[in-house]
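Asks: All residue numbers for the sequence shown refer to the numbering used here, where the first residue is 100 and numbers rise by one. Just so it is clear, CB atoms sit at the ideal spot from N, CA and C, and this is done for glycine as well.
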Amino acid sequence: MGGNTEVDLSALRAVGDHVTEAADTIAQLHWPALPADQLRGSAVSGVAATDLIAAKLTDVIGNMRAWAVAARMTADAIEGADGRSADRFPPR
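1) Compute the distance between the beta-carbons of leucine 151 and isoleucine 125, then report whether it is under 8 Å.
2) Just to confirm my understanding: we take aspartate 186, look at its own chain, exclude 5 residues before and 5 after, and list those with CB closer than 7 Å. What are they?
3) Which term fits glycine 101, buried or exposed, when burial requires 16 or more other beta carbons within 10 angstroms of its beta carbon?
4) Evaluate glycine 115 with the Cβ neighbour count: other Cβ atoms within 10 Å of its Cβ, from every protein chain shown; 16 or more gives buried, anything less gives exposed.
5) Out of Arg183, Pro189 and Ala170, which one is the CA nearest neighbour of leucine 108?
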């Protein structure tokens, strides 16, 4: 099961940046709220859809940002390990 694995660290960091930008864009979205006082007595007056969407998006945004940080940390760790170990393995 041996083999070489190559990771494009620049691409990994770029994807992390794009995911962060996407999370920031989503975070700036504002969902319209149902005017409960104007809908009093209607079937939708008690629907908390916007609250549910906002809560879910908060989770999604947090997960996206965490993934982006993990991607950058991984790239940094691989780069550091490669730099520290490069002299231990002769070039092929």
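Replies: Inspection of the coordinates gives the following:
1) Mapped onto the sequence shown, residue 151 falls at position 52. Mapped onto the sequence shown, residue 125 falls at position 26. No.
2) Translated into positions along the sequence shown, residue 186 becomes position 87. Excluding sequence neighbours, aspartate 186 sits near nothing in its chain.
3) The residue labelled residue 101 in the question sits at position 2 within the sequence shown. That one is exposed.
4) Within the sequence shown, the letter at position 16 stands for residue 115. Per the 10 Å Cβ criterion, buried.
5) Here residue 108 refers to the residue found at position 9 when the sequence shown is read from its first residue. Looking at the Cα atoms, Ala170 is the closest of the given residues.
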